[in-house]
Each structure stands twice: as C-alpha cells, then as structure tokens.
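The opening position of the sequence shown corresponds to residue 1 in the numbering used here, with each subsequent residue numbered one higher.
Backbone N, C-alpha and C define an ideal beta-carbon position, used for all residues, glycine too.
Here's the structure, in structure tokens; my notes come after.
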Amino acid sequence: MVDIDDSKQPSKAETTGTATASSIGANQASLEDVSKHIEVLLHASEAPLTAHALRKHLSLSTKELKQALEVLERRLETGVLNLHETASGYRLQISDAYSGLIQQTFPQRQERLSQALLETLSVIAYKQPVTRSDIEQVRGVTLSSNILRQLFDKGWIIEKGFKETLGRPALLHTTAQFLDAFGLSHLDELPPMPDLETIRTLS
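Written as structure tokens, this is what we have:
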C-alpha cells in the first residue's frame, strides 16, 4: 500500500483559484482576438460601422462588443490610429497629432470651404430647423442657391418638414454625414456657437 502525503496535494481553494485565473486569461485572449477582428472590419469598410453591424458580423453581445472595443482602444494608443465613434458608427482615423504632416505632404487633399458656406452651415447646425429666410436674416445677406446646392450635394443638410407660415418654406436640418465629416457623434458635441466674424477669419 502506497502512502499519500496529503500535504502536497493542492487545496480546493488553490484549485479553484487556478481555474479562475485560467478562465480570466482565456477570456482576455478571446477579447484580444475579437478586437483584432473588429479592427480588420473597420480597416476594410469604406464607411463607419455601427455597433449593431459589428455585433451581427461577429456574433457578439453588447457587453462583449464594449469590452472588445476597449481592448482595441488600448492597443491603438501606441500607434498612429484612433478608434473614433461618429453618428454613423465606429471608424479608424489618423491621430490629430499627425494632421500637420498630412496637410504639408498632401496639400491637395485639403478642401477649402468658402466663408459663405461656413456661415450658412453654422446657422443651420446651431439653429436648426431653419428656413432659407431664417439663414438670410442671421447672415444679413441673400443666400446663394449654389451654397445650398453644395451642402445638399455633400449630404450635409436635408429638407425635413415645413414651417407653418406663408408659403410653407422647407425646414433645413443637418445630417449624420455632416456629423461624420466633422468627427461628431451627436449635435450636443458641437462647440459653443461662433459668431460670424470668427467664421470669416477661418475662411
């Protein structure tokens, strides 16, 4: 008969602790893999991906997606890309720290918006819904149809509803594409409204 030295056997608590540690480690490894899958999809997508789309493509729960996005954010901190959420979903974008390098190297990529367009867009964004005459009243000048057409063509504004007044003019609102273009997820993230003189110095 072989004697067994019980003192050398792991206790139940030690066994449980080891199992728990292994489980946590496996979970972290799994989240890391999921975060890489999210990163791949964001790289491959031409447009931002919503949380719903990511959950659907990767069969994730809301909690799992949140945890994986946090892992991805932490990993990206050491690189040149940031995880950014806009009105249309999540996307990867180059860190603002490198904007100067991009502008210097690729000046042709810079789109210079006219003073009139910036003023018009600001009035719509901060005072929406507004009519054409509302914009003209704030700016003090007649609004060019070309300015509105540019904003419609960019997908930054839409007509939605009518003002219950003479002629029932269309009401103008900004769109999700406008928020995406300026890196915002909600209108609440707009900075304090600038005055028109400030806008003119930016144009």
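DSSP three-state assignment for residue i, whether helix, strand or coil
| i | result |
| --- | --- |
| F162 | strand |
| G100 | helix |
| H57 | helix |
| A87 | coil |
| T120 | helix |
| Q128 | coil |
| T105 | helix |
| H186 | coil |
| L171 | strand |
| L69 | helix |
Chain D within 8 Å of residue i, Cβ atoms only
| i | result |
| --- | --- |
| R168 | Looking at the structure shown, chain D is missing, and only one protein chain is on hand. |
Contacting residues, own chain, Cβ-Cβ under 7 Å from residue i (five flanking each side not counted)
| i | result |
| --- | --- |
| G161 | P129, L171 |
| A47 | S88 |
| A181 | W156 |
| H37 | L58 |
| K63 | none |
Spatial neighbours of residue i in its chain, beta-carbon cut-off 8 Å, leaving aside the 5 residues before and after
| i | result |
| --- | --- |
| A53 | G89 |
| I124 | V130, I135, L151, I157, L172, H173, T174 |
| G183 | H84, T86, Q93 |
| H186 | A87, L179 |
| L81 | L92, Q93, I94, S95 |
| M193 | S122, Y126 |
| Q137 | none |
| Y98 | V80 |
Distance, residue j Cα to residue i Cα
| i | j | result |
| --- | --- | --- |
| E39 | L72 | 7 Å |
| S30 | Q177 | 34 Å |
| D33 | S61 | 15 Å |
| L49 | T86 | 9 Å |
| R112 | S59 | 42 Å |
| F106 | A116 | 25 Å |
| K56 | E70 | 18 Å |
| D188 | S122 | 14 Å |
| G167 | E159 | 15 Å |
| S204 | K163 | Only positions 1 to 203 of the chain appear in the structure, and residue 204 is not among them; the question remains open. |
| T78 | A51 | 24 Å |
| S114 | T165 | 31 Å |
| S141 | K154 | Going by the sequence as given, residue 141 is Val instead of Ser. The alpha-carbon atoms of V141 and K154 are separated by roughly 23 Å. |
| R74 | R149 | 42 Å |
Cβ distance (whole Å) where residue i is taken to contact residue j below 8 Å
| i | j | result |
| --- | --- | --- |
| T175 | I147 | Going by Cβ atoms, the distance from T175 to I147 rounds to 16 Å, so no, they are not a contact pair. |
| S35 | A68 | 5 Å |
| P169 | R132 | 6 Å |
| L42 | L92 | 5 Å |
| L76 | L83 | 6 Å |
| T222 | L143 | What is shown of the chain runs 1 to 203, which leaves residue 222 out entirely. |
| Y126 | L179 | No, Y126 and L179 are not in contact; Cβ-Cβ is about 14 Å, not under 8 Å. |
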